[in-house]
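K.L.:
Protein chains: 2
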Amino acid sequence: MLTNGPSLPACGHRNSVVKSPLNRIPLELHTSESIYFKGMCTLAAGTRGPATSIDVAKLAGVSQSAVSRTYTKGASVGAETRARVEAAAAKLGYRPNLIARSLMTRRTNIIGLAVGGLANPFYAAIVEQLSNALQEIGYHVLLFTLTDETDSDELLQQVINLRLDALIMASVSLSSSLASSCQSNGIPVILVNRTTSADGCSSVSTDNEAGATMLAQYVIDAGHSRILYVAGTETTSTNLERERGLTSAIAARDGVAFQRIAGDYDFKTSAQEIAQLLSGSNFVPDAIFCANDFMAFAVMDALRFHHGLRVPQDISVVGFDDSGPASWLSYDLTTYSQPIPQMVEAVISILQAVAQNPDAAPQHVVISGELIIRGSCRGRGDG
Amino acid sequence: MLTNGPSLPACGHRNSVVKSPLNRIPLELHTSESIYFKGMCTLAAGTRGPATSIDVAKLAGVSQSAVSRTYTKGASVGAETRARVEAAAAKLGYRPNLIARSLMTRRTNIIGLAVGGLANPFYAAIVEQLSNALQEIGYHVLLFTLTDETDSDELLQQVINLRLDALIMASVSLSSSLASSCQSNGIPVILVNRTTSADGCSSVSTDNEAGATMLAQYVIDAGHSRILYVAGTETTSTNLERERGLTSAIAARDGVAFQRIAGDYDFKTSAQEIAQLLSGSNFVPDAIFCANDFMAFAVMDALRFHHGLRVPQDISVVGFDDSGPASWLSYDLTTYSQPIPQMVEAVISILQAVAQNPDAAPQHVVISGELIIRGSCRGRGDG
DNA sequence: AAGTCACTTGCATGCGTATGCAACACTGTG
DNA sequence: CACAGTGTTGCATACGCATGCAAGTGACTT
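These protein sequence lines map, in sequence, to chains A and B.
Going by my numbering, 55 is the number at position 55 of the first sequence; the sequence numbering is gapless.
Going by my numbering, 412 is the number at position 29 of the second sequence; the sequence numbering is gapless.
Structural data, given as structure tokens:
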């Protein structure tokens, strides 16, 4: 789909007031003398839309280069010149056209941010904090929300079309074709909360396996011996690592039974699966280890309101992420934290490294979270 | 802040392998014969980064125009030509540079989306669904996350610098200076979940006043007579309208007492304010009307876990929005829905109208939500 | 057979900015 | 006073693509 985008009249040049082709509009129209031509209601820009650096140059009586240099960091401009340019710019309401600038500099200062499932408050928090941080250092953020139907590859090819400076994929897996696509086009890719076997792209993630092990040990230490794992999306690195952490902790102890159901990191799915398991009653868990908080909320609600079970008295529940609602008292969820501020910091750091040297080796940052003990899991002495 | 963006080496031309200035590189470098020059590891594009339409044209043996027309909707290209171009493009991995295209067409196909506070799941849902819809019709979404510290005007001036096709402000108020800025630059502004007195920009919102009245009547009909209003941010249109709806319903009935506290649409603030009120005990409400769901969650938690009150047996709570967690069984919140899909649809419709005719009159769409009766408020017969 | 019309194609130009180069102005040193 | 050095400025060009115009090609009508 290499089309023009939204289907709109292909005419272009919405500013051409007269019918004649643009290249016949006499150059005089560009001068400041024609400001009131046609009596348009906009500011001083006349009929030609926003003022350009040439307009400013003419008004200030300097060259276009001087205007450009005034707004280019590190360029050398005399104080006098700068003042005249700034005065003229203010009068015309001039602002540099970032699109044109990008064409020259080959840098857009736009970072792509792909995310799937903002309904999960943890992802929403990542997006918000990442976006804030990027804005703070002068980047713009182009948001890609991925759904199950969207062909993520197709969509993200646009990253290349737009020549974005980098692509951050938060909680989204990377297809190998996209990875190589970006790589061959020199667009750095940073994975957040995912890892990949594809080399060439950086990643920032939490120590999922160690965290899950720590969490599992806590659960087991509290005296639980029949643990149910509510798995996330099967193919994701987070699910694999967390499950590995859990099962290794279980394997290290005698007499702990393990069962799993598939929650797919989805609220409804988790609720349905837990209901099905409990009605089947083949396996009656005394603790439920959810691959993330979001599913834990669904599970807790199902346990309490559909099955009349008390949490944690009748059954314990733990999650992973420490997302916002985990600390809401209705859930008060024991979980393992993914420290978003640190993850954001790592992303920024990688980004800046890459910006300075596009050929820098990809980095893989693993951040340690911590066990967050709240009330959804019976503690050691509560038995 | 009209600088070059992130502070990076201002050198540019990262592709210039040799030290000589670009304009001395012989034209031959542009031809396909020089593909293997310098043995770069990228695909067939040689040393010059991504392939351009000129590269494709040379390889296909046609003019650059032909390449451009192949990827321009509505342009006329012969089947033979198109085939040759596509073959060449595939071989070179060519993708049209949208930046360059934008410079010509004066349309970026990028929509700005400003939002404040993604922690509120309702806002997160708006962003997700809006973004999905925009992507579906070929737009890109540039996300602006506003915090209390960000100077929204300063930040959003960049909308103009980037020549975005439109700006959508979701749950964010519009400063008049920004409004006029956009207007004078011909950038359409659409407010979602806010209205404004500034003319010139469109808006999409729910019938806040009517909804609040309906909700209030339901609460009163259930027998409540001491209603506490947890206000949202005082200056927002939503808060004003909802409070007006509530107080008018109260005024219409005899013997209903009213009190208010300020929650500022914030989770913690609401919890603190409710605690303070209940400990002061000047006013003991039998129902709490929260200006949005998000605060209602905080309030319910505070009531239940800090004050030992049962909801709805001891006290009723209602919210506004019908955001995701409102249907989570821990809250099971009675609320008034803001139908996001319809709001999104309205935004898209306005956008397309504006795209076809930039001078179209601004539209103000008001959408009807509906009363969502759940379990957080005592019903008529439950007394 | 000449004319008409629809469709393609290439040429040339322009979108708004950044930047290498050369020319210049000015300061301070020997 | 000549000269090197530092800082400014304008000129010209390029970034990659879209598009008006004119020229060209057939097909079809009269």
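A virtual CB, placed ideally from N, CA and C, is assigned to each residue, including glycine.
Small disclaimer: the values here were computed from a predicted structure and weren't measured.
(1) Report yes if the C-beta distance between residue 69/A and residue 75/A is below 8 Å; otherwise report no.
(2) By how many angstroms is the C-alpha of residue 289/A removed from the C-alpha of residue 262/A?
(3) Give me the subset of the region 694 to 723 of chain B whose CB atoms are less than 9 Å from a CB atom of chain A, sorted by chain position.
(4) Per the DSSP calculation, residue 643/B is bridged to which residue(s)?
(5) So what does DSSP say about residue 705/B, is it helix, strand or coil?
(6) Can you name the residues that DSSP bridges to residue 552/B?
(7) Between 201/A, 164/A, 311/A and 292/A, which has its C-alpha nearest residue 365/A's C-alpha?
(8) Taking only three categories from DSSP, how would you classify residue 563/B?
(9) Per DSSP, which one or two residues make a beta bridge with residue 589/B?
(10) At a CB-CB cut-off below 7 Å, which residues of chain A make contact with residue 603/B?
(11) Using a cut-off of 9 Å between C-beta atoms, extract the partners of residue 364/A located in chain B.
(12) With a threshold of 8 Å on Cβ separation, who are the neighbours of residue 698/B within its own chain once the five nearest residues in sequence on each side are excluded?
(13) Quick one: using the 10 Å Cβ neighbour count with 16 as the cut-off for buried, is residue 532/B buried or exposed?
(14) Taking the alpha carbon of residue 273/A as the point to measure from, which residue in 90/A, 359/A, 229/A and 352/A has its own alpha carbon closest?
(15) Measuring alpha carbon to alpha carbon, tell me which residue in 581/B, 688/B, 595/B and 439/B is nearest residue 718/B.
(16) Are the CB atoms of residue 367/A and residue 353/A within a distance shorter than 8 Å?
(17) In three-state DSSP terms, what is residue 666/B?
(18) Which residue wins for smallest C-alpha separation from residue 114/A, given the options 106/A, 151/A, 221/A and 337/A?
(19) What does the alpha-carbon distance come out to for the pair residue 98/A and residue 610/B?
(20) Once the 5 residues before and after residue 125/A are set aside, which same chain residues still bring their CB inside 8 Å of it?
(21) Does the CB of residue 162/A have a neighbour CB from chain B at under 8 Å?
(22) Who are the Cβ neighbours of residue 426/B in its own chain at under 6 Å, not counting the five residues just before and after it?
(23) Buried or exposed for residue 404/B, going by 16 or more other Cβ atoms inside 10 Å?
(24) I need the DSSP call for residue 445/B, collapsed to helix, strand or coil.
(25) Tell me which same chain residues have a C-beta within less than 7 Å of the C-beta of residue 371/A, skipping the five on either side of it?
(26) What is the DSSP secondary structure of residue 686/B, reduced to helix, strand or coil?
(27) Where does residue 529/B fall in DSSP's three states?
(28) Could you check what DSSP says for residue 602/B in three-state terms: helix, strand or coil?
(29) Across which residues does DSSP place residue 290/A in a beta bridge pair?
(30) Would you give the residue range spanned by the alpha helix (DSSP H) that residue 129/A belongs to?
(31) Looking at chain B, is there any beta carbon in it that lies within less than 8 Å of the beta carbon of residue 64/A?
(32) Relative to chain B, which residues along the region 120 to 144 of chain A have a C-beta separation below 8 Å, given in chain order?
(33) For residue 719/B, which residues does DSSP report across the bridge?
(34) For residue 164/A, which residues in the same chain have their Cβ closer than 8 Å to its Cβ, ignoring the five residues on either side in sequence?
(35) Out of 560/B, 762/B, 562/B and 633/B, state which residue places its alpha-carbon closest to the alpha-carbon of residue 695/B.
(36) Beta-carbon within less than 6 Å of residue 721/B's beta-carbon, same chain only, minus the 5 sequence neighbours each way: which residues are those?
P.N.:
According to the structure data:
(1) Result yes, Cβ atoms of residue 69/A and residue 75/A sit closer than 8 Å.
(2) Rounded to the nearest angstrom, the two C-alpha atoms are 12 Å apart.
(3) 707, 708, 711, 712, 713, 714 and 715
(4) 612/B
(5) Coil at residue 705/B, not helix or strand.
(6) 497/B and 574/B
(7) 201/A
(8) helix
(9) Residue pairing by DSSP places residue 589/B opposite 750/B in a beta bridge.
(10) Residues of chain A whose Cβ lies closer than 7 Å to the Cβ of residue 603/B do not exist, since the nearest Cβ in that chain is about 27 Å away.
(11) Chain B residues near residue 364/A: none, gap ~22 Å exceeds 9 Å.
(12) 668, 669, 670, 671, 686 and 692
(13) When all chains shown are included, residue 532/B counts as exposed.
(14) The residue from 90/A, 359/A, 229/A and 352/A with its alpha-carbon nearest to that of residue 273/A is 229/A.
(15) 595/B
(16) Contact flag unset, no.
(17) coil
(18) 151/A
(19) Rounded to the nearest whole angstrom, the CA to CA distance from residue 98/A to residue 610/B is 52 Å.
(20) 323, 324 and 340
(21) yes
(22) Because residue 426/B sits at a pLDDT of 38, beneath the cut-off of 50, its placement in the model cannot be relied upon, and the point is left open.
(23) Residue confidence for residue 404/B is low, a pLDDT of 34 falling below 50, so the modelled location carries little weight; the figure read from the coordinates is stated next. That one is exposed.
(24) coil
(25) 214, 215, 218 and 336
(26) helix
(27) In the structure shown, residue 529/B adopts extended strand secondary structure according to DSSP, grouped into three states.
(28) Note: residue 602/B maps to helix in three-state DSSP.
(29) 230/A
(30) 121 to 136
(31) no
(32) Legend: CB atoms of the region 120 to 144 of chain A lying less than 8 Å from CB atoms of chain B belong to residues 121, 124, 125, 127, 128, 131, 132, 135, 137, 138, 139, 140, 141, 142, 143 and 144.
(33) 754/B
(34) 108, 110, 111, 112, 142 and 187
(35) 762/B
(36) So the list reads 589, 704 and 752, once near-sequence residues are dropped.
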